[in-house]
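Below is one structure; the comments refer to it alone.
4 protein chains.
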Amino acid sequence: MVGGGEGAFIGAVHRSAAALDGQTTLVCGAFSSDARRSRESGASLGLAANRCYADYTAMFAAEALLPAEARMEFVAIVTPNHLHLPIATAALRHGFHVLSDKPATLNLAECFVLRDVLVASGCLYGLTHPYAAYPLVVEAAERIRVGMLGTIRKVIVEYTQGWLAEPIERSGQKQATWRLDPTRAGASGCMADIGVHAFQLAEHVTGLCVTEICAELNRVVAGRALDDDGTALLRFDNGANGVLVASQICTGEENDLTLRVYGDKASLEWRQQEPNSLWLRPLGAPAQLLRSGGPGLGAAAQAHSRLPSGHPEGYIEAFANVYRNFAAQVRAHAAGARTTSGAALPVPGIAAALRGMAFIETVVAASRSAQKWHAFPEVSA
Amino acid sequence: MVGGGEGAFIGAVHRSAAALDGQTTLVCGAFSSDARRSRESGASLGLAANRCYADYTAMFAAEALLPAEARMEFVAIVTPNHLHLPIATAALRHGFHVLSDKPATLNLAECFVLRDVLVASGCLYGLTHPYAAYPLVVEAAERIRVGMLGTIRKVIVEYTQGWLAEPIERSGQKQATWRLDPTRAGASGCMADIGVHAFQLAEHVTGLCVTEICAELNRVVAGRALDDDGTALLRFDNGANGVLVASQICTGEENDLTLRVYGDKASLEWRQQEPNSLWLRPLGAPAQLLRSGGPGLGAAAQAHSRLPSGHPEGYIEAFANVYRNFAAQVRAHAAGARTTSGAALPVPGIAAALRGMAFIETVVAASRSAQKWHAFPEVSA
Amino acid sequence: MVGGGEGAFIGAVHRSAAALDGQTTLVCGAFSSDARRSRESGASLGLAANRCYADYTAMFAAEALLPAEARMEFVAIVTPNHLHLPIATAALRHGFHVLSDKPATLNLAECFVLRDVLVASGCLYGLTHPYAAYPLVVEAAERIRVGMLGTIRKVIVEYTQGWLAEPIERSGQKQATWRLDPTRAGASGCMADIGVHAFQLAEHVTGLCVTEICAELNRVVAGRALDDDGTALLRFDNGANGVLVASQICTGEENDLTLRVYGDKASLEWRQQEPNSLWLRPLGAPAQLLRSGGPGLGAAAQAHSRLPSGHPEGYIEAFANVYRNFAAQVRAHAAGARTTSGAALPVPGIAAALRGMAFIETVVAASRSAQKWHAFPEVSA
Amino acid sequence: MVGGGEGAFIGAVHRSAAALDGQTTLVCGAFSSDARRSRESGASLGLAANRCYADYTAMFAAEALLPAEARMEFVAIVTPNHLHLPIATAALRHGFHVLSDKPATLNLAECFVLRDVLVASGCLYGLTHPYAAYPLVVEAAERIRVGMLGTIRKVIVEYTQGWLAEPIERSGQKQATWRLDPTRAGASGCMADIGVHAFQLAEHVTGLCVTEICAELNRVVAGRALDDDGTALLRFDNGANGVLVASQICTGEENDLTLRVYGDKASLEWRQQEPNSLWLRPLGAPAQLLRSGGPGLGAAAQAHSRLPSGHPEGYIEAFANVYRNFAAQVRAHAAGARTTSGAALPVPGIAAALRGMAFIETVVAASRSAQKWHAFPEVSA
C-alpha cells in the first residue's frame, strides 16, 4: 500500500476491505511522504519493520528483490490524485499489479501514459469504484444486460454530499485541502472526487457510453480554486439522455449516490443510503423491491453478497468485493488464465480509467464554454 | 365551471376541492363543448337544468343577468390550454373572477392579453398550482422566508411521471391526446403540463427568480409533436443554481414531484408522494422530520391543514386549500378589502401566470438553441 | 348530524367526508348540548335556522314531520360514547337510518338493545370505521378473500399514539377529558377509542373471528380512571394467533395504525401513515408495493380511490368512502333493494358493533384476571 | 474457533468480524465434528496444518502447551447450543478466554455451571449479541442512560423472520434442523434463537430488568418439536410494560429486529433493516433522525462506527465491534487492568448469559401455564 497513513480516510477502508475475506494480506507499505510516519503507521498495523518503507520507490525496488513467494503481489494506491501516475507506473515497471483509487491520474494526458506503461508491463490494473460492486448494483447491471428494462431512455444519477458546505479547507481539514487544490486534485474538485463515480456507475450499469455533454460547474463557496458543485446533461450512444448531479455543498446530505434508469419496459432505482435494496418498476405492474440475499437475485449478485437477507451489508463489504474480484484476477493471471473463473467480476480497468479522465476533462471544458453540447472524446484502452 | 365533463380528470378534483370546506358551491357550468353532454354532466352533478349551459358564452351572458346574490361569483376554468384565454377574458369582461388551470394561456403573448383584460376588469385571477398549497410546502416557504436556510445555493426540483411511457395518445386516451397536440397544448407538452408546476414550486418556495435557463427537451416516444421529457439548468437572481427535471416517460414513476433546497445554514426536502412530511436538515445537527399537524409548524402551515398529526391529507386537500384561499380573496374583494384576513394565503395570480408562460417559452427556445444559456424574459404583472 | 359543534374534531371530518363526493348534503343538526351553540354552529355551516335544532329529540320529531323529499334521510352521530345509544334508538324509532361513530354504545348490554331496536325499525345502521375504507385496505381484504395469502397464521395490529403522553385531560382538553371519563367513554379509554379500530381492522381484513383473548391494560399516566395503553394476545377461529397493541402514551407517535397479516403463501403490510401503499410479500419472491391508483389493484380498491396513482389520498377520502358507501346503501334501501349495486361495499353494521363492544368488554375483563386466556363471547346480529 | 466449518453461516461472520479491524487473528480451530472436514476447513482458511485440530479437546490441550506468545488467547464458540457448555468449560479450565454464541448454554442449570467454572478460572467470558454493538444502538443506550427519554414507560421489541415459514428442516436444511431439535437447541426454538436477542437488546438498551412475563409460544408449522413463533408481555422493574414478538414463520420478513422505547420525555426507534438510523422523537418537538457518522452522536457511538456519515455499515461491522471490544478486554486483562481503556464497551458477559437462559426458561414455562403472569427468576452472576 502506498498512502493511507494516519489521518487518511480511505486507507483504512482499503485495509478492512482487503482483510474481510481473508484473500489479501497487507505485507508492506509506504504510508506517508514522511519516512518516519510511514514506519510508525506500518508498525501500528503490525507490519515487519523492514517492510515499512520510506517511500514507494524504495518499496518497489526492495520488494522486487524478494523471492516470488515472499514479495507483494500488487500495490494499492491510496494517495492524492497527482501521485497516482508516478506510483502506478513505477509499480508496473517493477512488475507489480496496481489497484488504484480514482481518478486514475491527474489528467487525461497522464492516463494515456499510464495506458502505455500498463500495456508494456503485461500487468493488471484495477480502479476502486466500490459502488459498482454492491450486490444490488451488480444485479441492476445484469437485469439491464439481459434486456429486462428494454431500451434505455433516461438515466438520472446524483451524488450529493454536504461536507464541503463550509470552507473547512481553510482550517486545514486534510481531506478537503488536497481535493480543492488543482496541483493535487487536477482540473476539477467535485467532479474528480465524486462526479466521476456517478459517471462510472451510470455507464457501467447501463452498458451505454456517453457521447455528448453539456455541463455547468460551480464554485459555490467563495474562494475555492475548483468546483464544489456541478451538473451535466448527458447524451448516450443509444439516443438516451441523462442528468448527472454532483455536489459537495448540499447541506445535510451525507453521501447520497442515487441511480435511476428508465427503460421502455421497466425502470430501476438504487440508492447508496439503502444499498441492500433495488427497486424494479415494470411497466404496468406493481413495483418490486429486490433485496440483498433475498429471492429473485441472479448468481452474480448473490456472489457479491456474504449474508442472508436482512443482515445489512455496507460500504466496506462493497469495497471488499473489489478486493476479492481483483484478487481473483491476480490469481488467474498468475495461473496464466485470461479470465477469472467462478463468480468474480472484472474490476474496472484502464478503459474505465480513460473514460473517467475524459469525463472530467469534458465537463470542465463544457462548463467553460458558451456552447451547449460537447463531444465526448474517443478514448480507447 | 367551464370544462370538466365526463372523462375529464381535473374537473372532478376541482369539484371535490371546492366542496371539501363548504365555502364554495358549484352553481352552474358549461362542462363540455357538446351542449348535450354539458347538460347531462350538470344534471348528474345535481345542478338546475337552467344553469347547465351549452357553452361558456351563454353562461357568462346569462349569469351576468342574474341578481347579484344568485349569480356565480367566480368561474373555474378546467379546459385544455387553448381555451384558457378566451374563457378567462370573457369571464373577466362580464365581471366574474377567474380561477384557472395552468398554464394560464397557450403562449406568452396571450398571457399579456390576459393581463391587460384582467387589469381593466378589476377582477381577481387565480391559477391552480395545488402543490404550493400543501401544508408542508407552506411551511417550507415560510422557513426560507424567515432565513432558516440562510443563503440559498442550490435548488433541485423534479417532476417525473410514467404515464406517457407508451404512445397512449395513439389509441385516443383523452388526457394524453390534447396534451401532445400543439394546437391545444401550446409549444410544449411535458414542460407546459408538469414542468411549469415544478418551476412555480421552485420560485414560490424559495422566493427567488430564475434569470437564465439552459434546457434540453426531448420527444422520447417516436412520433410525438411535443416534448415528453426535459431538463433545465437554472440560474437564480441571488446567484444560486438549479436543476429542473420534468418527464412523463419515466416508466414506473407515478407523480413524483420532489423539491430540494440547499442553503448555507440548512436544507429542505419535500416530496409529493409523502406530502405530510418535510425534511429540515440543519448544518451540523441531526435532520428533523416536520409533519403535517405536528409540532414545530408555523401558523400558516397549520391553517392549511385540517387534521391532527398522523391523519394523512392528500392532493384533494391541497387543492381545497387553493379554493379556500381563493374564496377568501373573493370575499375580501367583495368587502372592498385589498388583502384577505386570517390565515389565507394569496393564490398564485397573474404574475405567476406570466412567469409560467415565460418559463415555457424560454425552455422551448433554449432547447432549440446551440447556445448554453438564455436570459429569462422580463415579465411584469 | 348530532354532535360535532365547535371544538370537536370528528364532526368536521364527517362534514368534509360527506361533502367530498357530492352525494350527501348536510341539511340539519343538533350540534351541541347547548341549544345556542348548536344554532350558532349550524348557522356557521350555512344551515337554515329552522333546521338547527336545540337537541336531537326535537330534531327527530321535527324532521319526521317534514315531507319525505325534504327531510333528512339519515343521521350521523358524532357525540361521546354514552350518547350513542339514546340518539341512535331515537333516530331509528323515527325511521331514520343511523351512521354512528364507534364504539357503538357504552357497553355490550346497550349494544344488544341497539340491535333489537334496529331490527324492529327496518332501518340501516352503519359504524364509521374509516380505516377499513382506505383503498389499499379494501385491496388487502380482497387479496386475502381470494386466497392469495393462503392460510393465515399470524396477525399483528398496532395503533399507537402519543397525544395522551401527558395528562392533558387535567387542563381540560376536551377530546381527552371525555375519553378518559368512564361515564362518557365506558369501561375502557384506549381500547374503546382506538383498540376497537385495530380489532375491527384485523377481523375485517382477514375475515377471521377472534375466539380467545389474553390482555393487559395499563393506566400509564397516574391518576387516570381508564386505560391509556394495552396489549392483547389473540386467537382466531382458524387457529392463527395475533397481537394487538393500542397505546396513547407512545410519545412521538402520531396515529400509527399498522396491520401485518402473515399467511403461508404471502404476507401483507399496511400502515395508515403511508396509506396509499400496501406491501405484498409472496413466499420466495420479491416484495411488491401496491399503490393506490396503480397497477394490479382489483375493482373494489379502484372504486374506493378517486385519483390516478401518485396523487395522495388521505383520511378524509377514506372517511368519504364510508359516506359514499352508506349513501349507496341508503339509496338501495329506498329503492327496495337488499344490496347495493356497483362497487359500493357494505359499511360495518350491527354485527361489527356487537363484536366491537364484546372486544372492549373482553379485554377489560381479561386484563383484570389472573387467568391467561378468556373466551370471546358469542354475539350475533 | 470451535465450529464454523463449511455449510455453517455464523462461522464465516465471526471470521470476517475478527479480521475487519486487524486486532484478532485466527490461529487455530476445530471446525467440525468430523476431523477430516475440520482439517480441510482450516486449510482453506490458510491455517497451518498442525493447528487444525480434530476436536476441541485436542485443541485446548495442544494450544495450552504452546509458548504464551504463540498460543491462542481466546476461543470463539460457534457450534449448536448443546456444545456451548462443554466447550466453554473445557476452554476456561485450560485458561482460555471464551467468546461464545448465544444462548450461552442448553438450559439455565447449565449456565450456573458455566458461571461457577468461569469464576474459578479467572478468565473472561463474552456473548455475541451483535445487535447491541451497532453504533446507533450504542447511542440509544447512552441517550437513555443520561435521561433523555425520562422515565421509560413502554418497550416494544420485535424480531420477525420468514425463513422457517416452510418446513425446510424436513429436507435437511442444516441451520433449521438443529435449531428445531430439542437435544441440540434446548427447550425453545424461536425464543432461544432470536427471542433471546430481542430480550437482551431490550434490557441492555433500557437498562431495565424484566420482572414478570406472560407468554404464548406456538408451533405454527405442523410437526415441529419446538416453537417457531411467540409473544411475551413484559413487566419491567421500574413499572414499565413491554411487548416482545419473535417469529420465524412471518412469510416475507427478512431479519426485522425492531426496538421502540417510549419514555415520558421522548421515544426512540431503531430497526436492524436500516441500522444506521435512529429515530429520536422528543415530546412536543419534531422527530430527529440520528445517523451513523452524523452530527449529534456521543463518543461511544462514534467509536463503534468506522466511516463518515452516508457510508453504510452493516451486520459484519456490528459483529466486528463485539470482537474489537472483546479484544480490548483481553488486552486489558493481560495487562492486569480491570477495565478497558478508551472507547471500548464491555461485551455482554455471564450476567447477560444467565438472564438470557432465564428468559428462555420463563417464556417456555409461562407459555405452558394457564396463569397469566410469571415471575422472572433471580439470577446473579
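Protein chains in written order, with numbering that gives the first Met the number 0: chain A, 0 to 380; chain V, 0 to 380; chain F, 0 to 380; chain D, 0 to 380.
Glycine included, each C-beta is placed from N, C-alpha and C at the ideal position.
Computed from a prediction, not measured in an experiment: that's the story for all the values here.
- Within the model, the alpha-carbon separation for Gly185/V versus Asn106/V is close to 6 Å.
- Leu267/V has its alpha-carbon roughly 33 Å from the corresponding atom of Thr127/A.
- Counting C-beta atoms within 10 angstroms of its own C-beta, Glu138/D has 16 or more neighbours from the protein chains shown and is therefore classed as buried.
- By the Cβ neighbour-count rule, Leu64/D is exposed, with fewer than 16 other Cβ atoms within 10 Å of its own.
- Taking the Cβ atoms as the reference, Cys51/D lies roughly 29 Å from Ala352/D, outside the contact range of under 8 Å.
- Around Gly21/D, the same chain offers no residue with a beta carbon nearer than 8 Å, after the five sequence neighbours per side are excluded.
- Residue environment for Lys101/F: buried (at least 16 other C-beta atoms within 10 angstroms of its C-beta).
- When rounded, the separation of the alpha-carbon atoms in Ala357/V and Ala374/V is 10 Å.
- Close partners of Thr230/F in chain D (Cβ separation under 7 Å): Leu232 and Val242.
- Apart from sequence neighbours up to five positions away, the residues of its chain that approach Arg114/F with a beta-carbon distance below 8 Å are Ile349, Ala352, Leu353 and Ala380, ordered along the chain.
- Looking at the backbone, the Cα of Leu82/D and that of Ala119/D are separated by about 20 Å.
- The residue among Pro166/D, Val154/D and Leu123/D with its C-alpha nearest the C-alpha of Thr339/D is Leu123/D.
- Between the alpha carbons of Ala60/A and Val112/A lies a distance of about 21 Å.
- Per the C-alpha coordinates, the member of Asn240/D, Gly121/D and Leu46/D positioned closest to Ala333/D is Gly121/D.
- Proximity of the stretch 300-307 of chain A to the stretch 289-305 of chain D falls short of the contact definition, fewer than three beta-carbon pairs being nearer than 8 Å.
- Assignment of beta-bridge partners to Ile151/V by DSSP yields Gly262/V.
- Counting along the chain, Ser99/A sits inside the beta strand (DSSP E) bounded by residues His96 to Ser99.
- Chain D has a Cβ within less than 8 Å of the Cβ of Gly262/F.
- In terms of Cα proximity to Arg183/V, the closest of His203/V, Asn324/V, Ala364/V and Leu84/V is Leu84/V.
- Judged by DSSP secondary structure, Thr182/A falls within the alpha helix (DSSP H) whose first and last residues are Pro181 to Ala184.
- The shortest CA-to-CA distance from Leu225/A to any of Gln174/A, Val209/A, Asn324/A and Cys189/A is the one to Cys189/A.
- Leu282/A and Ile193/D have their alpha carbons spaced roughly 39 Å apart.
- The Cβ of Leu84/A sits no closer than 8 Å to any Cβ of chain F.
- Contact between Gly161/V and Thr257/V does not hold, since the beta-carbon distance rounds to 15 Å and is not under 8 Å.
- DSSP, reduced to helix, strand and coil, places Phe30/V outside both helices and strands of the structure shown, so it counts as coil.
- Chain F has a Cβ within less than 8 Å of the Cβ of Arg14/V.
- Note on geometry: alpha-carbon atoms of Glu72/A and Leu200/D lie some 44 Å from one another.
- Pairing Trp372/D with Cys208/D gives a Cβ-Cβ distance that is not under 8 Å.
- For the pair Pro307/V and Gln272/F, the CB atoms are not nearer than the 8 Å cut-off.
- By the Cβ rule, the stretch 233-248 of chain F counts as touching the stretch 151-161 of chain F, because three or more pairs are nearer than 8 Å.
- DSSP places Val195/F inside the alpha helix (DSSP H), whose first and last residues are Val195 to Thr205.
- As computed with DSSP, Phe73/A is found in a beta bridge with His96/A.
- Contact note: Ala284/F reaches chain A through Pro294 and Gly295, using a C-beta cutoff of 7 Å and chain order.
- Beta-carbon to beta-carbon, Val97/A and Val77/A are separated by about 12 Å, too far to satisfy the 8 Å threshold.
- The alpha-carbon of His203/D is positioned some 19 Å away from that of Glu360/D.
- The shortest C-alpha to C-alpha distance from Ala327/F to any of Ile315/F, Tyr314/F and Leu344/F is the one to Leu344/F.
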